[in-house]
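6 protein chains.
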Amino acid sequence: MLPDLMIEPVVRAALLEDLGRAGDLTSQAIVPADVSARLAVVARKKGVVSGLSCARLAFQLLDPRIAFTARLADGDAVEPGAVMALVEGPARGMLSAERTALNLLCRLSGVATATADLVAAARGHKARICCTRKTTPGLRALEKQAVLDGGGLNHRFGLDDAVLIKDNHIAIAGGLRQAVTRVQRAVGHLVKIEVEVDTLEQLAELLELRVDAVLLDNMSPAMMREAVAMVNGRMAIEASGRISLETVPEIAATGVDLISSGWITHSAPILDIGLDALD
Amino acid sequence: MLPDLMIEPVVRAALLEDLGRAGDLTSQAIVPADVSARLAVVARKKGVVSGLSCARLAFQLLDPRIAFTARLADGDAVEPGAVMALVEGPARGMLSAERTALNLLCRLSGVATATADLVAAARGHKARICCTRKTTPGLRALEKQAVLDGGGLNHRFGLDDAVLIKDNHIAIAGGLRQAVTRVQRAVGHLVKIEVEVDTLEQLAELLELRVDAVLLDNMSPAMMREAVAMVNGRMAIEASGRISLETVPEIAATGVDLISSGWITHSAPILDIGLDALD
Amino acid sequence: MLPDLMIEPVVRAALLEDLGRAGDLTSQAIVPADVSARLAVVARKKGVVSGLSCARLAFQLLDPRIAFTARLADGDAVEPGAVMALVEGPARGMLSAERTALNLLCRLSGVATATADLVAAARGHKARICCTRKTTPGLRALEKQAVLDGGGLNHRFGLDDAVLIKDNHIAIAGGLRQAVTRVQRAVGHLVKIEVEVDTLEQLAELLELRVDAVLLDNMSPAMMREAVAMVNGRMAIEASGRISLETVPEIAATGVDLISSGWITHSAPILDIGLDALD
Amino acid sequence: MLPDLMIEPVVRAALLEDLGRAGDLTSQAIVPADVSARLAVVARKKGVVSGLSCARLAFQLLDPRIAFTARLADGDAVEPGAVMALVEGPARGMLSAERTALNLLCRLSGVATATADLVAAARGHKARICCTRKTTPGLRALEKQAVLDGGGLNHRFGLDDAVLIKDNHIAIAGGLRQAVTRVQRAVGHLVKIEVEVDTLEQLAELLELRVDAVLLDNMSPAMMREAVAMVNGRMAIEASGRISLETVPEIAATGVDLISSGWITHSAPILDIGLDALD
Amino acid sequence: MLPDLMIEPVVRAALLEDLGRAGDLTSQAIVPADVSARLAVVARKKGVVSGLSCARLAFQLLDPRIAFTARLADGDAVEPGAVMALVEGPARGMLSAERTALNLLCRLSGVATATADLVAAARGHKARICCTRKTTPGLRALEKQAVLDGGGLNHRFGLDDAVLIKDNHIAIAGGLRQAVTRVQRAVGHLVKIEVEVDTLEQLAELLELRVDAVLLDNMSPAMMREAVAMVNGRMAIEASGRISLETVPEIAATGVDLISSGWITHSAPILDIGLDALD
Amino acid sequence: MLPDLMIEPVVRAALLEDLGRAGDLTSQAIVPADVSARLAVVARKKGVVSGLSCARLAFQLLDPRIAFTARLADGDAVEPGAVMALVEGPARGMLSAERTALNLLCRLSGVATATADLVAAARGHKARICCTRKTTPGLRALEKQAVLDGGGLNHRFGLDDAVLIKDNHIAIAGGLRQAVTRVQRAVGHLVKIEVEVDTLEQLAELLELRVDAVLLDNMSPAMMREAVAMVNGRMAIEASGRISLETVPEIAATGVDLISSGWITHSAPILDIGLDALD
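Chains as they are written, first to last, in our numbering: chain A, 82 to 360; chain B, 82 to 360; chain C, 82 to 360; chain D, 82 to 360; chain E, 82 to 360; chain F, 82 to 360.
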């Protein structure tokens, strides 16, 4: 769980984006300053929770007098109707922050839910579901946490915390070995190196070098199985390309270590969550 | 089309989010500074383009020597294989900016495509498709533009540029008329007022007041038709709730003016777009 | 009233602008950390209050131990000598924040006072006083609130929340009708459209189109009266140009709905407010 | 003249404040991207120019293809009708930037003009007009430059670049001598020290200490003359309080070195400047 | 002592620089949220303390529940083993903030210690040690405070709060007198003027003008002594160039007023300070 | 080499920190806008260059007309008198940017030089010199690049790109094995894990777990040699504690893979570099 210090700038910017220059015209005109309200954050669909801290901060940045009491934690599974949190305090600020809180909570829970669905599809195999860098600009840290909340693992967070050598790099370097060698000379001892391969010939070449992981790009399950046999535990194997709820079981069964999906961050539908008035 | 001045901060932040502290470890190690490349931005699926300025800025902020030549414009329809733009210049910067450029372009084109799909579903009726405030935090301005590129219309951009009175406001005000009256006293002559109603009784009450638009919340097509008859052109009618490709034709046929969808911004899948090396 | 979240960045920046790199050299050298003080914020002239939240935040951002107790509210009228607020706590921070607090409070109260003066000049007529976009760069949201505090109404907050078609737009479009039509096709159902006209011929042409408001630019009272008769309640009428305390009564008497003044934000003198030591 | 690096953040923020989230709705809808325009920046009143760099940057940040050709320089006097600059290029960006450019230029020229008026009133005496810290939050650097453009001198820029000991400091320190001594021990050799006095007794006490300047607070011209005699050139003498066009000549005639005015920054009316279409 | 308002942005940025996108991977994985710890901030070497507020803010920004109790104050001398502060609260946040807190505290205490060493070397003479603008980019305000904590004085804080005329300026102006005259016409009455001279001839020329200080650049002690005699108290004399612990005593003995050292900010080694677990 | 996009914010902030509110008082008053100059950036001492991009940006952000021509590249060794770059263009901006350019260049070259000195001391052994997180707040990315320029390797860039388990973590987890296990479950396949050990017993325990590196904390060379034998190539070995020019040869001779030094970033003296006027 990230400290508030890291989340607050995103939530603050989201609130200000919604408040614009004139603030909440409707609530300012209609809701007296002294009216209180009690609301429940309620799941409308089945899924996995992520982003409760964002929702809490949205309300409390708008008005520190609003109390946000989480009933569940990030990573918890919810059924429709489940109460995720209670929100109590001045009604005006609550209404002004509502959409921002939900926009973040629904989106992150959507990522967690999509991840959990793929995780479930891989159940029974050692393969872990992981994410990619195909995240929403500005929300990478939060979406990566949502992947963890959904039971997945994190791939690298950016261009700078691990090396991933792709076809273009290999072509420019003049070969896989040259590319790997250049990288090994440049990076420190705490940087892992992964290489993307399209063919088993490339994989064979790669096995002669010392890298930490291989990404099998768009291979058939049969090829993947062969790759797993070739590697034989000497490095982590990530399967990538055409990952979906339908294909995951077969891919997981090949024995790969990781199945990476861009879909869980770039195209996962939100989890429908609403605010219900209590009293 | 927004001026670059408004887009640049988002693109710059997205690049820096990906570059982190150490920059592109892989490309810095492998790609010599003087190697050039030519890439094509190519649609992999059918859809509508949005976000070309973002993609251009991603490459040019990373390295101003990179030339980005758009072959299409935002709002254009594409078939799989369509070349949307050419990117030429130093290869290192191109590889470092690639993911950021695509993350923005794919997402915004996804929004435009989803919008265009709903627009197509409403064809033959006067109903226009419009968006909501259920946008990605930090990207509202860009996603609203993508809705325009997809042929839709924009709903309000925030809490501050129009009034939308909802059930909570009405409850706190002690009635629809009280809520509307408070707002009318407070806002200037260039602010439109829309009111959400759940029942035709509420609509009847609303017709006695002077507001600009009504939002029919989760009404059946039959009720919508009745509402259209009651309003009889005296204000804009927006249908909301359970909007999907399947329901839009029937809703559009009721004669409403607008059909608003949160899905086109919060859950639209991206449009798959890639970068292909040329020669 | 805007939430602190929206005001704080302006106040924080103003304090840092004054503190520079070395902070308050004088108070740091002279005032021991444990000396307390009690000050009163006192009006030196007659006027209308605006910006109390800014003053409060200035003191509390500098030192959270400073208590700021408002005795009046934004929008209240004051006579010379009226105590607007009490400030109590550590003296050093109080002295460091004093100028920033007053700079904001005096300026915003100046805007509110100027607005109230024009409002008083229009008394007895339906015309409301409204502002323009001729605001101080960086302070638009606060100055627009000050206009409300002075009893005025807000014109649009920027280029993006309403349409105002001016002579240049009409010239480029090739005519008033073309300009209006282009806009009507582009904007959503929650955007109001106002058009500036110089002549009654233009107004007649405008009446055939459906827009929300007309701005009569620099017309004589006689022409305004004629315009009011022509429009006959079909849209809001804003009078603009040569607005001053002297001209407002005659203009208001013409029956226009709104009288807009740039002067209340760009040239209003401050309201003189000072800090007095107590006991 | 400040480098663009220092001005650009203010102008950029001002543009974004006006463009909001949706940009210039009117110009985007009406003005085709390929229409050019030529405009002249024209003084409507007599005054002194300041802020031409701000105006230039407003246009060029909005669209770098806009050419801004200054015909005059900051500090130049203008008569009504004087052309201050030409602006040529794409019309859409020009219209979007117009208000921001003028808001800055009119305000800063207003400050320069007010300063120049006071300077003229002091002509024939050695007294120089200077400003205070009563500036617009966020615009201090620009307004201080405008004071220079108007022929004035700058007082300190903030709490941190010079010491000004006021009555509150003296009271807390337990006396003028104690206050001065504490400061002299604390600050470096490049910090000047000025002390505010209300009476000639205080002035006499001050003359025994080594400070750089004295501020005569709200003294009558007769007292000022006496103070000038007492000081006899041993430090700079600044007159403050009730400074206006009417009082400056008499105050200047007392022989003080500086006359400081808050009015020139906090309440100066703008200089009316407009944009006229050419050909 | 600077208010937290001025320090917080630096500390916040330092924490975020260390936390990156994923936060503290190690502590998040290992340290349960409910584990508490008590740590002591302990000097490992002899020196002078500076930066306690920075350390406090580092812990409290990371987790407001962490209590930081200073046992010493900035400016205090410490021996190895001295406990500077106690830190108590949730262990996870404490470990995440530790390095940032120490990076700031060690560096600033290093500056204070180096300053104090030079101050000690000048003991017995009137010469004060002062700093330069050769500070760490981004940390100037904090390092200048550290110089004060070490018993030194501050030179100017930037290019804008005092004038320092150097050889290049003199060359461009066409002579020392011309340079000084241009400056005296331009700057206000609260700006001090210092001039750098290389020779006693220049000094003689300078004595005919009215400036506040002279910087003797790289002069021998013998020349300095002669300069002191020539100036005879008419302005402050700053010695600069080849300042070190070895040279300070001889330079101080010449009678100069100030000895300025870039080394104390640009090359001072840190003061070694650690965190020790308690019971 | 980092792209300018990543460096520019640091350089821009450094310039603005020096320019303050009033800009370069001295150069603005003395140097006419049309005077040009040619300067050489010259090493005054022997060392290794780093930060040329920072210096270039400092000049060009201040005035884009200044041409900066690098004669050497980051990582090059220099002797006293070596010309590193030429700077040509308007003199005023050059003088205003000089100190900022040098502050960055001297500091980063100091880091590179210190690194190179340690690298030289380890010559003949496989041990590589690497840095720590003991960097200057705000400058981590640049200082880490300087370490590379000096021939060193980078340790992790923050808390988030690799795991380093220290004594506190082990104590809280209840043992080394528990700590490692918790981390292995939490982090993805591209995150390396290093563990700090104080004793050979801990090392023996660690060898049963699968981690990527071990940090030998403050061990004697004899213990290090033993540790090297125990590990026998199964993971990277980093020596830490009491690293100096004197101790490095003996430590390198033990066969460790890495020697990490905080000194090269937190206490390295700057490399003396100056600007010389040409003809």
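Glycine included, each C-beta is placed from N, C-alpha and C at the ideal position.
Chain-order list of residues whose beta-carbon lies under 6 Å from that of residue i (same chain, five-residue window excluded)
i	result
Thr181 (chain D)	Ala95, Leu96, Asp99, Ala139
Ile251 (chain A)	Leu257, Ala260
Ser134 (chain B)	Ile88
Gly156 (chain E)	Asp230
Glu169 (chain F)	Arg119, Ala148
Gly205 (chain D)	none
Neighbourhood of residue i by C-beta, 8 Å cutoff - its chain only, sequence neighbours within 5 removed
i	result
Ile345 (chain F)	Val192, Ala195, Thr196, Leu199, Ile210, Cys212, Val228, Gly231, Gly233
Leu142 (chain E)	Glu89, Val92, Arg93, Leu96, Ala178
Glu160 (chain A)	Ala124, Lys127
Among the options, nearest to residue i - alpha-carbon criterion
i	options	result
Met185 (chain A)	A:Ala294, A:Val312, A:Ile318, A:Gly219	First, the amino acid is wrong: residue 185 (chain A) is Leu here, not Met. Of A:Ala294, A:Val312, A:Ile318, A:Gly219, the residue nearest in Cα terms is A:Gly219.
Val91 (chain B)	B:Glu319, B:Ala252, B:Arg221, B:Val276	B:Arg221
Val322 (chain F)	F:Asp155, F:Val309, F:Gly343	A small correction: the amino acid at residue 322 (chain F) is Gly; Val does not occupy that position in the sequence shown. Of F:Asp155, F:Val309, F:Gly343, the residue nearest in Cα terms is F:Gly343.
Pro350 (chain C)	C:Leu189, C:Val244, C:Glu289, C:Asp279	C:Leu189
Gly132 (chain D)	D:Ala148, D:Ala121, D:Arg102, D:Leu183	D:Leu183
Leu245 (chain D)	D:His206, D:Ile147, D:Gly255, D:Arg214	D:Arg214
Thr107 (chain E)	A:Met82, A:Ala114, A:Lys207, A:Glu289	A:Met82
Ala243 (chain E)	E:Glu286, E:Ile324, E:Gln265	E:Gln265
Inter-residue CB distance, residue i and residue j (contact presumed, cutoff 8 Å)
i	j	result
Ser177 (chain A)	Leu240 (chain B)	6 Å
Leu296 (chain E)	Val276 (chain E)	7 Å
Arg237 (chain B)	Ala110 (chain A)	Arg237 (chain B) to Ala110 (chain A), Cβ: 15 Å. No contact.
Ala333 (chain D)	Ile340 (chain D)	6 Å
Asn249 (chain D)	Ala358 (chain C)	7 Å
Spatial neighbours of residue i in its chain, beta-carbon cut-off 7 Å, leaving aside the 5 residues before and after
i	result
Ala172 (chain C)	Val112, Val116, Ser117, Ala118
Gly336 (chain F)	Arg306, Val309
Leu326 (chain C)	Asp198, Leu199, Ala202
Ala303 (chain B)	none
Residue i: CB within 6 Å of a non-hydrogen atom of the ligand MN
i	result
Ala154 (chain D)	Absence of the ligand MN from the depicted structure is noted, as is the absence of any ligand whatsoever, leaving it without description.
Chain-ordered residues of the stretch 203-221 of chain A with a beta carbon less than 8 Å from chain B: Within the stretch 203-221 of chain A, those residues whose Cβ lies closer than 8 Å to any Cβ of chain B are, in chain order, Arg214, Lys215, Thr216, Thr217, Pro218, Gly219, Leu220, Arg221.
Inside the stretch 94-137 of chain E only - beta strand (DSSP E) runs reaching at least 3 residues: The stretch 94-137 of chain E contains these whole beta strand (DSSP E) runs: 117-124.
Please name the residues in the stretch 238-253 of chain A whose beta-carbon is closer than 7 Å to at least one beta-carbon of chain E, in chain order. Answer in chain order: Phe238, Gly239.
Residues in the stretch 261-288 of chain F with C-beta within 8 Å of chain D's C-beta atoms, listed in sequence order? Cβ contacts with chain D: none found.
Starting from the N-terminal side, write out each stretch of the beta strand (DSSP E) that is 3 residues or longer and does not extend beyond the stretch 129-206 of chain D. Complete beta strand (DSSP E) runs here, min 3: 148-151, 164-171.
If the cut-off is 8 Å on Cβ atoms, which residues from the stretch 188-201 of chain A count as contacting chain F, listed in chain order? Cβ contacts with chain F come from no residue of the stretch 188-201 of chain A.
Mind listing which residues of the stretch 333-359 of chain C have their C-beta closer than 8 Å to chain B's C-betas, in chain order? Correct list: Asp338, Leu339.
Selection of the stretch 90-116 of chain C by Cβ proximity to chain E, strictly under 8 Å: Per Cβ criterion, the list reads Arg93, Leu96, Leu97, Leu100, Gly101, Arg102, Ala103, Gly104, Gln109, Ala114.
For the stretch 125-144 of chain A, enumerate the residues whose C-beta is nearer than 9 Å to any C-beta of chain C, in chain order. Within the stretch 125-144 of chain A, those residues whose Cβ lies closer than 9 Å to any Cβ of chain C are, in chain order, Leu142, Leu143, Asp144.
Chain-ordered residues of the stretch 221-237 of chain C with a beta carbon less than 7 Å from chain B: Residues are counted here when their Cβ sits less than 7 Å from a Cβ of chain B; for the stretch 221-237 of chain C these are Leu234, Asn235, His236, Arg237, given in chain order.
Quick check on the DSSP output: what are the complete beta strand (DSSP E) runs of length 3 or more inside the stretch 285-337 of chain F, in order along the chain? Those beta strand (DSSP E) runs which fall completely within the stretch 285-337 of chain F and span 3+ residues are 294-298, 317-321.
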